[in-house]
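**Student:** Residue numbers (our numbering), protein chains in the order written: chain B, 390 to 775; chain D, 286 to 537. Quick one: this structure, given as structure tokens, is what I'll be asking you about.
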Amino acid sequence: MDKSFLSRLTFWKSVAIILITLGLYSVFIRFTGGLGAATNLSDEFPWGLWLGFNILCGVGLSAGGFTLCGIVYIFNLKDFKPLVRPAILTAFLGYLLVITALMIELGRPDKIWHTLIMWNPRSVMFEVAWCVMLYTTVLALEFSPIVLERLGWKTPLKIIKSITIPLVIAGVLLSTLHQSSLGSLYLIVPNKLYGLWYSELLPVFFFISALTVGCGMVIIESYLSSRTFKRELEFPLLLRLGQVMVILIMVNVVVKFIDLMDRNSFDLLFLNRTETYLYWLEVFLGLIVPFIMMNFKKIRFNRAGLFYSALFVILGFILNRMNVSVTGMESGSGASYLPSWMEVFITMAIVSLGFVAFTLIGKYFPVFSEVHTPPNKNSQISKYIV
Amino acid sequence: MKSKAILVDITKCIGCKQCEAACKAQNKLPEVEETKLSATAYTVIDEHEERYVRRLCMHCKYPTCESVCPVGAFSKTEIGAVVYDSHKCIGCRYCMMACPFQVPTYEWMSLTPKVQKCKFCYEKILEGGTTACVEACPAEAAIFGDYNDLIKEAHRIISENPDKYVNHIYGENEVGGTSILYISDVPFEKLGFKTHLETQPLPELTWSALSKIPSIVMVGGTLLYGIWWITNRRKEVVEFERKLKENNEENN
């Protein structure tokens with residue numbers, strides 16, 4: 390093999406290549422032997438890691454796109470503009486990966502177009518399907534200026550820019566519906582989903598946590614890309630986003646409290662059961678730890694501190710979705726489920742694919758270069774924050 | 286045709302499994318004995334507390350599977366059967382995840398998998414027959430008939446033998462009622478039945494969220510447009526004032 394190629398092969402690149410190869414092998418097994426050959430799913434436990442992580446987390450972690458679009462275009466906080474494009478890119482890639490994952494997870498992916506012509510508006514899954522389709526289209530249009538600028542096509546660029554506001558409004562509405570409807574999916578299983586998670590407010594919780602993790606994802610993704618692409622970090626902006634994140638965490642805690650009170654379910658918090666520990670772990674990681682961290686000036690005003698606060702939010706979010714979709718469903722379904730290694734590899738391959746695509750697009754398209762916040766403006770913003 | 290039902294009297298079942306065999310023959314399924322519902326076993330006999338309990342699709346009055354299917358592959362027919370159209374199915378398996386009785390099963394090893402469950406011998410009934418399992422029962426532990434008649438019959442049996450039977454018809458009110466009804470002399474929770482089900486049909490739970498979509502879209506859309514209108518106007522005013530100031534300074 391070419392020596393120069395090998396020397397350029399860094400650690401993370403090799404990890405990505407290995408994971409994607411293992412993932413492709415598992416995809417091959419899934420499509421030659423059926424879902425049963427590749428997964429540990431069963432009649433009693435038909436939704437597992439792929440639905441919980443690839444779909445629920447995938448859509449949630451893409452929430453930065455509509456959050457930032459709303460902040461910049463609807464609330465007209467133009468300071469945040471440098472963060473919009475990376476956020477849209479993350480969301481667009483996220484949705485494309487969710488669709489890829491869906492094509493592997495569905496029993497009959499060849500019939501996915503049925504949702505276009507065979508309607509059942511009483512089904513949450515029907516709403517989910519339409520939200521995925523419509524919002525991916527909106528994201529493609531919101532992403533298109535990045536490609537059109539690179540190509541230098543002026544007229545289509547003008548047309549897209551002239552419909553920005555309706556596009557953003559549609560995007561925010563579709564995302565609101567989509568994020569919450571993923572929670573609504575579980576409203577139908579009051580006897581299967583454990584009481585700490587089952588609530589009439591599931592759609593509300595899914596929406597609030599998606600907004601929170603959307604902010605967290607923008608922080609993480611800005612931090613990582615500033616290192617990868619050796620560019621300046623929009624720190625004052627990220628700090629403000631971090632503060633929004635903390636407010637959302639507080640809202641989440643308050644609604645959780647009210648919800649447990651309404652359902653008379655406080656005793657569930659102290660039962661000696663696996664679910665109790667997982668619930669507390671989720672609350673601890675995703676809500677308590679980042680809340681405490683962000684209340685210390687030293688941590689908040691530190692790049693790494695902000696980064697780790699956001700990372701905790703994301704970990705807590707992932708645990709929440711996995712609890713709702715897997716661990717919280719086990720006792721009610723009378724089944725135990727652990728993903729097979731092929732399920733794990735496909736999930737990891739999809740995540741790697743996301744990182745690879747983000748890096749490549751960031752390198753070759755004008756994602757970051759559009760606006761540079763002048764340093765004096767930065768200091769003004771930080772004054773405003775303090 | 287009137288809505289049909291099956292009334293299973295658990296006290297009478299002798300566990301001969303003739304119903305399992307008849308079901309397999311009727312649906313041309315491989316003749317191997319199975320202990321739980323699967324894509325090749327639409328009905329099985331469970332043993333609890335020295336009683337035999339036959340499991341099969343409950344054919345709910347307000348089927349959860351029908352409501353959750355994104356492509357409408359399930360439908361509740363006039364005669365009470367909940368039937369499945371495999372041509373529509375995209376394989377999302379929401380029906381399996383949502384079913385309160387954990388009935389639908391999947392052909393996991395197939396490359397063109399279908400959901401499988403009891404079909405209530407739909408075509409046989411349309412021709413005026415009964416289901417294969419009831420036909421095969423030598424102990425009359427299961428009877429087939431009009432839904433209303435069988436509900437009356439079940440109440441009659443219980444009220445005539447109050448010492449023998451538990452005063453509950455399983456399936457009369459569970460999740461809004463089902464077309465398969467059970468009566469028993471042993472409390473249902475001891476027989477592996479899901480006894481914590483509410484009487485409310487489950488589809489109402491998701492509908493309460495789904496029915497809010499139009500209002501969310503309309504109110505949300507107006508609100509977002511309104512916020513944009515205000516913030517945008519504010520921005521325009523700021524810019525206008527800045528220009529005015531610049532002009533004044535130039536004139537001075």
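For each residue, glycine too, the CB sits at the ideal point set by N, CA and C. No experiment lies behind these values; they were computed from the predicted model shown.
#1: Based on DSSP bridge pairs, tell me the residues matched to Phe359 of chain D.
#2: Pull out every residue of the segment 624-640 of chain B whose Cβ sits closer than 7 Å to any Cβ of chain D, in chain order.
#3: For the alpha helix (DSSP H) that Ala324 of chain D lies in, which residues bound it at each end?
#4: Compare the Cα-Cα distances from Tyr337 of chain D to each of D:Ala424, D:Asn532, D:Pro488 and report the closest residue.
#5: Please report the straight-line C-alpha distance between Pro447 of chain D and His333 of chain D, rounded to a whole angstrom.
#6: Let me see if you follow: with CB-CB separation under 7 Å, is Trp439 of chain B close to chain D or not?
#7: Could you tell me which chain D residues have their CB closer than 7 Å to the CB of Phe515 of chain B, listed as they occur along the chain?
#8: Quick one: what does DSSP say Ala825 of chain B is sitting in, helix, strand or coil?
#9: What are the residues of the segment 488-512 of chain B that lie near chain D, defined by any Cβ-Cβ distance shorter than 8 Å?
#10: Find the residues of chain D that neighbour Gly447 of chain B, judging by a C-beta separation of less than 7 Å, and give them in chain order.
#11: Examine chain D for any beta-carbon lying closer than 7 Å to the beta-carbon of Trp436 of chain B, and answer yes or no.
#12: By the 10 Å Cβ neighbour count, where 16 or more other Cβ atoms means buried, how is Ala426 of chain D classified, buried or exposed?
#13: Once you ignore the five residues that flank Ala358 of chain D on each side, which residues in its own chain have a CB closer than 7 Å to its CB?
#14: With a threshold of 7 Å between beta-carbons, can Ser458 of chain D be considered close to chain B, or not?
#15: Would you check if the distance between the CB atom of Phe747 of chain B and the CB atom of Arg620 of chain B is smaller than 7 Å?
#16: Please list, in chain order, the residues of the segment 462-476 of chain D that have any C-beta partner in chain B closer than 9 Å.
#17: Give the single residue among B:Gly603, B:Gly723, B:Thr617, B:Arg419 whose Cα lies nearest to the Cα of Val733 of chain B.
#18: Please decide whether Trp513 of chain D counts as near chain B, where near means a Cβ-Cβ distance under 7 Å.
#19: Counting only runs of 4+ residues fully inside the segment 469-525 of chain B, write out the alpha helix (DSSP H) ranges in chain order.
#20: By how many angstroms is the C-alpha of Thr428 of chain B removed from the C-alpha of Asp543 of chain D?
#21: Mapping DSSP to helix, strand and coil, what is Leu562 of chain B?
#22: Please list, in chain order, the chain B residues whose beta carbon lies closer than 9 Å to that of Lys373 of chain D.
#23: Against chain D, does Asp432 of chain B count as a neighbour if the rule is that its beta carbon must be under 7 Å from one of theirs?
#24: Which chain B residues sit within Cβ distance under 8 Å of Cys377 of chain D?
#25: For Gln485 of chain D, does the three-state DSSP call read helix, strand or coil?
#26: Please list, in chain order, the residues of the segment 553-568 of chain B that have any C-beta partner in chain D closer than 7 Å.
#27: Is Val502 of chain D close to chain B, meaning its C-beta is less than 7 Å from at least one C-beta of that chain?
**Tutor:** A quick look at the data gives this:
#1: Phe359 of chain D is bridged to D:Tyr369.
#2: So nothing in the stretch comes that close.
#3: Element bounds for Ala324 of chain D: n/a, residue is neither H nor E.
#4: Comparing alpha carbon positions, the residue from D:Ala424, D:Asn532, D:Pro488 closest to Tyr337 of chain D is D:Ala424.
#5: Near 22 Å, if we compare the C-alpha coordinates of His333 of chain D and Pro447 of chain D.
#6: Taking 7 Å as the threshold, the shortest C-beta distance from Trp439 of chain B to chain D does not fall below it.
#7: Simply Pro355.
#8: Outside the shown range of chain B (390 to 775) lies residue 825 of chain B, about which nothing can therefore be said.
#9: Against chain D - using a Cβ distance shorter than 8 Å - the residues of the segment 488-512 of chain B are Leu495, Gly496, Arg497, Pro498, Lys500, Ile501, His503, Thr504, Met507, Trp508, Asn509, Pro510, Arg511, Ser512.
#10: For Gly447 of chain B, none of the residues of chain D pass the 7 Å Cβ criterion, the least Cβ distance being about 16 Å.
#11: Interface residue, yes.
#12: Of the other Cβ atoms in all chains shown, 16 or more fall within 10 Å of the Cβ of Ala426 of chain D; this residue is therefore buried.
#13: The residues are Tyr369, Asp370, Lys373, Cys374.
#14: In the sequence as presented, Ser is not what sits at residue 458 of chain D; that position holds Asn. Contacts with chain B at 7 Å (Cβ-Cβ) do not include Asn458 of chain D.
#15: In this structure, Phe747 of chain B keeps its C-beta atom at 7 Å or more from the C-beta atom of Arg620 of chain B.
#16: Residues of the segment 462-476 of chain D with a C-beta less than 9 Å from any C-beta of chain B: none at all.
#17: Out of B:Gly603, B:Gly723, B:Thr617, B:Arg419, the CA that lies nearest to the CA of Val733 of chain B is found in B:Arg419.
#18: Yes - at least one Cβ of chain B is within 7 Å of the one on Trp513 of chain D.
#19: Entirely contained in the segment 469-525 of chain B, the alpha helix (DSSP H) runs reaching 4 residues are, in chain order, 470-494, 503-506.
#20: Only positions 286 to 537 of chain D appear in this structure, which leaves residue 543 of chain D out of reach.
#21: Residue state, collapsed to three classes: helix.
#22: Neighbours of Lys373 of chain D on chain B, chain order: Lys500, His503, Met507.
#23: The C-beta of Asp432 of chain B comes closer than 7 Å to at least one C-beta of chain D.
#24: Chain-ordered, the chain B residues with CB closer than 8 Å to the CB of Cys377 of chain D read Leu495, Gly496, Met514.
#25: Three-state result, Gln485 of chain D: coil.
#26: The residues in question are Ile554, Ile558, Val561, Leu562, Thr565, Leu566.
#27: Any Cβ of chain B closer than 7 Å to the Cβ of Val502 of chain D would place that residue at the interface, and such an atom is present.
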